[in-house]
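Worksheet: one structure, shown below.
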Amino acid sequence: MGTVAELGYLGFEVSDLGAWRRFARDVLGLAVGAPRPDGALPLRMDRHAHRFLLHEGPADDVAYVGWELGDQAAVDEIARGLDRAGVPVRAGTAAEIAGRGVAGLIWFVDPNGIRTEIFHGAALGREGFVSDLVRSGFNTAGQGMGHVLVNARDSSETERFYREVLGFTLSDYVDAEAMGHRFHAVFLHVNPRHHSLAFAELPLKKRLHHVMLEVNSIDDVGATFDRCQELGVPLQRTLGRHQNDRMVSFYGYTPSGFCFEVGWGGREIDDRNWVVRTYPGASEWGHRPVVPA
Ligand SMILES: [Fe+2]
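Here numbering that gives the first Met the number 0 is used: the first residue of the sequence shown is 0, the next is one more, and so on.
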């Protein structure tokens, strides 16, 4: 079985590119690049040329998720595994490969209806990346760009698919209640980051609940929190620490209405001694729901 190395990039379909441009630059501290050949607006956060690609459109949701592998042989192995599992796999077109800035990609539709791309050879930026706002930088080396929490159509089927067909590894479960709704969340890892993919059946119309970016200093969590207050970005949850990955973080709303989480101090997994647990709550402290105005 091929092994997914990390969460490589995310494509979002957004209705207000101007709002996203300001949000990405002035709140998250990302760098906005020149439009890609397909018109997508790239956002940079580390040595990769881009980690987000914003496409103008009405969905205001995730358009695709890109998982990075080491080389074409690893991509081909994943393709064979998908084929054996009866999942239709398509080769990326030359235009798609140019748009993403990768050396090669395949794609399929995952159990949640999300276009999922498996690629290798991400383009790197010409110069090293330094954020104007996030002084400590983003923690991505060997851990990918962060994590996503997806709204699952069928959590059991999603877990089976990602573990058995794609080779993701179980981190833990959270069985808890949030805003009057009981949920069972599943957390999977592909590298030392506690989870790169999480999912739960949520009472949401969107397919993406949130994307998490990890900064290298608690001060940059606080500074990002301050920028949200100053610029009127609505919060979803206050500062808190998660029980499972022990991340200290807060949540707010992106201009597309799905959430972002900015955190620090996430725990890393060593598969040689990891014990899977089920946690009775999402957070040790904080993460109190905020009802936006
Ligand atoms: Fe998260």
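For each residue, glycine too, the CB sits at the ideal point set by N, CA and C.
Predicted model, so just to flag it, every value in this text is computed and none were measured.
Once you ignore the five residues that flank residue i on each side, which residues in its own chain have a CB closer than 8 Å to its CB?
i: R206; result: D60, V61, N111, G112, I113, V149 and N150
i: A94; result: P36 and D37
i: G124; result: R43, R46, H47 and A48
i: G239; result: V247, S248, F249, S282, E283, W284, G285, H286 and R287
i: G103; result: Q71, V74, G91, I96, F118, H119 and G120
Is residue i near ligand 1, in the sense that its beta carbon is under 7 Å from a heavy atom of that ligand?
i: L27; result: no
i: E360; result: Residue 360 falls outside the range modelled here, since the chain spans only 0 to 292, and no answer is possible.
i: M178; result: no
i: L148; result: yes
i: H209; result: yes
i: E260; result: yes
What's the C-alpha gap between residue i and residue j?
i: V64; j: Y8; result: 6 Å
i: E163; j: H208; result: 24 Å
i: G265; j: A84; result: 33 Å
i: D153; j: F160; result: 11 Å
i: L230; j: V220; result: 15 Å
i: H286; j: M178; result: 12 Å
i: E12; j: L52; result: 9 Å
i: G120; j: R226; result: 34 Å
i: A90; j: W106; result: 6 Å
i: D74; j: V232; result: Residue identity differs from the one stated: residue 74 is Val in this sequence, not Asp. Going by the C-alpha atoms only, they are around 39 Å apart.
i: V101; j: A122; result: 6 Å
i: P254; j: W273; result: 37 Å
i: T237; j: L203; result: 20 Å
i: L234; j: E116; result: 30 Å
i: G69; j: F137; result: 21 Å
i: R79; j: V88; result: 9 Å
i: G280; j: H241; result: 9 Å
i: G98; j: A39; result: 8 Å
i: L165; j: M211; result: 22 Å
i: A33; j: R134; result: 23 Å
i: A140; j: H180; result: 35 Å
i: H54; j: F198; result: 24 Å
i: V173; j: Y278; result: 5 Å
i: S14; j: F257; result: 12 Å
i: L16; j: Y252; result: 15 Å
With H, G and I counted as helix, E and B as strand and the rest as coil, what does DSSP make of residue i?
i: G7; result: strand
i: W284; result: strand
i: D218; result: helix
i: S255; result: coil
i: L16; result: helix
i: R159; result: helix
i: L132; result: coil
i: M0; result: With a pLDDT of only 48 at M0, under the threshold of 50, the placement of this residue in the model should not be trusted; the figure read from the coordinates follows. Three-state result, M0: coil.
i: F167; result: coil
i: A175; result: strand
i: G80; result: helix
Can you list, in chain order, the residues of its chain whose CB lies under 7 Å from that of residue i, leaving out five sequence neighbours each side?
i: L201; result: N150, F182 and H208
i: E156; result: P110
i: P194; result: The question names Pro, yet the displayed sequence has His at residue 194. The residues are H146, S170, F186, L187, H188 and D244.
i: A23; result: L29, V31 and L42
i: I268; result: S170, H188, P191 and H193
i: L5; result: For the sequence presented, residue 5 should be read as Glu rather than Leu. Excluding sequence neighbours, E5 sits near E67, Q142, G143, V189, N190 and S195.
Apart from the five residues on each side of it in sequence, which residues of its chain come closer than 6 Å, Cβ to Cβ, to residue i?
i: R20; result: V31
i: V56; result: The sequence as given places Gly at residue 56; Val does not occur at that position. Excluding sequence neighbours, G56 sits near E12.
i: A292; result: Note on A292: pLDDT 47, under 50, position unreliable in the model; the coordinate value appears next. None.
i: N215; result: S135, G136 and N138
i: V86; result: F107
i: V275; result: L169 and D171
Checking the sheet assignment: what are the DSSP bridge partners for residue i?
i: G239; result: S248 and G285
i: I117; result: W66 and I105
i: N138; result: BP columns for N138 are empty, so no partner.
i: T223; result: Bridge partners of T223: none, in fact.
i: V149; result: F198 and L207
Regarding residue i and ligand 2, is the C-beta to nearest heavy atom distance less than 7 Å?
i: R287; result: Annotation note on ligand 2: not contained in the displayed structure, which lists ligand 1 as its ligands.
Taking only beta-carbon atoms, is residue i less than 8 Å away from chain D?
i: R181; result: You won't find chain D in this structure, because it holds only one protein chain.
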